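Take a look at the structure set out below.
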Ligand SMILES: Nc1ncnc2c1ncn2[C@@H]1O[C@H](COP(=O)(O)OP(=O)(O)O)[C@@H](O)[C@H]1O
Ligand SMILES: [Mg+2]
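Numbering (my numbering), first residue to last: 281 to 650.
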């Protein structure tokens, strides 16, 4: 049977549509260039990367559209001349409308059935996330090197420091009670104690350790801390409020570390508050909470430590977790970094919210391992 021309056209159009859909569906950018150097095809993924619409790109001269990207122009020229496939996964960036996108590019020759070279196909793969990952790994590497260095230094300083303190304590006994020297010696002792405190915190932050996991009654931990802090702050007029959910089961956690965590948060709150302030500690169970999209649902306890202090300025909020960030004259700036580490070791999450009108609230989420 002889096919009708109309039918033939329709079939051809269907096929063209089909091929167009295939190329449009490819997640990587695809740009096809004819032997005259003009772009004949450009899919939506390529549009995203190069910042030109299909309409602008199609029919435009490749060299003009990509005038800034000499690497791309060279790759294309070489493939066109030699018919060789060329890849570059390292050096290519595409600059468009103020954005620089790192891309992995492969340039394939476009060869007809007869063997004639009729152009080239470029595939562009956006590798921004790979570069981000590489940067994150480098940062983590640097931090662990710094951590090891800090831990080494801290160990080295500890012993001579012990010597200084011991000697100063001996001197303290030698001077009569009314001597000026006594006051100086006490300054030495006090300051060595301060250094010792910084070093202990630094070691805690820098050295790896295994968690001593056991069943922990969270409310006993919080209750003990609050009892002690109430006594310590008895000369202030602070209101301590507890909203503890009695249904919280025991956590499998490191009790000493959790104590450290909440003590740090509560001490920070007390440092920030006025003498007639109000400190609220509350806890509740979050059923079926998912911290990230891909994580399985599980149960968490949320513990909040909220104060009505002056709050944390917006620009400081992201720095408070950084070691040595402190706005206090005697602060080490290591407390929250340690809190962050303790929470991460327990596979939990910690966040800070603050606004000058209401104060600051730290929320700790800890998984209930059952
Ligand atoms: N409850 C809070 N209210 C206001 N500021 C806070 C609070 N908690 C922490 N901060 C801020 O975060 C900084 C870092 O805290 P931290 O790491 O514990 O170090 P440090 O207490 O030694 O200064 C503090 O110096 C303070 O500026
Ligand atoms: Mg602190």
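Ideal Cβ placement from N, Cα and C applies to all residues, glycine included.
No experiment lies behind these values; they were computed from the predicted model shown.
Is DSSP giving residue i helix, strand or coil here?
i: residue 585; result: strand
i: residue 637; result: coil
i: residue 656; result: This structure does not reach residue 656, given that the chain is present from 281 up to 650, and the question cannot be answered.
i: residue 592; result: coil
i: residue 689; result: An answer regarding residue 689 cannot be provided, because it is not within the stretch 281 to 650 covered by the chain.
i: residue 472; result: helix
i: residue 608; result: coil
i: residue 597; result: helix
i: residue 646; result: strand
With a threshold of 6 Å, establish whether the CB of residue i neighbours any heavy atom of ligand 1.
i: residue 587; result: yes
i: residue 592; result: yes
i: residue 613; result: yes
i: residue 607; result: yes
i: residue 330; result: no
i: residue 600; result: yes
Quick one: does the C-beta of residue i sit closer than 6 Å to a heavy atom of ligand 2?
i: residue 639; result: no
Given that a residue counts as buried once 16 or more other Cβ atoms are within 10 Å of its Cβ, and exposed if not, what is residue i?
i: residue 360; result: buried
i: residue 291; result: exposed
i: residue 639; result: buried
i: residue 510; result: exposed
i: residue 626; result: buried
i: residue 622; result: buried
i: residue 496; result: buried
i: residue 581; result: buried
i: residue 526; result: exposed
i: residue 603; result: buried
i: residue 410; result: exposed
i: residue 616; result: buried
i: residue 553; result: buried
i: residue 439; result: exposed
i: residue 415; result: exposed
i: residue 634; result: buried
i: residue 327; result: buried
i: residue 567; result: exposed
Starting from the Cα of residue i, find the closest Cα among the options and give me that residue.
i: residue 562; options: 642, 487, 336, 375; result: 642
i: residue 646; options: 289, 546, 528, 511; result: 528
i: residue 611; options: 374, 479, 353; result: 479
i: residue 558; options: 517, 412, 442, 295; result: 517
i: residue 366; options: 373, 354, 374, 376; result: 354
i: residue 536; options: 405, 484, 452, 427; result: 484
i: residue 357; options: 370, 371, 341; result: 341
i: residue 312; options: 585, 400, 463; result: 400
i: residue 521; options: 385, 322, 586; result: 586
i: residue 390; options: 427, 533, 363, 310; result: 363
i: residue 408; options: 375, 434, 428, 388; result: 375
i: residue 637; options: 596, 590, 609, 619; result: 590
i: residue 513; options: 524, 473, 467, 556; result: 556
i: residue 317; options: 428, 402, 634; result: 402
i: residue 315; options: 397, 369, 435, 352; result: 397
i: residue 500; options: 542, 331, 550, 421; result: 542
i: residue 549; options: 588, 532, 540, 533; result: 588
Establish whether the CB of residue i and some CB of chain B are separated by less than 7 Å.
i: residue 582; result: Absent from the structure is chain B; it holds one protein chain and no more.
Open item on the list: At 4 residues or longer, what runs of the alpha helix (DSSP H) sit wholly inside the region 390-464?
Closed with: 408-454
- [ ] Please list the segments of the beta strand (DSSP E) lying wholly inside the region 480-567, counting only runs of 3 or more residues, in order along the chain.
- [x] 494-496, 519-524, 531-533
Task: Minimum length 3: unbroken beta strand (DSSP E) runs contained in the region 285-351 - done: 309-314, 319-322
Task: By C-beta, the residues closer than 7 Å to any heavy atom of ligand 3, given in chain order - done: The ligand content of the structure shown is limited to ligand 1 and ligand 2, which means ligand 3 is not among them.
Open item on the list: Restricting to runs no shorter than 3 residues, where is the beta strand (DSSP E) found entirely within the region 355-379?
Closed with: 366-376
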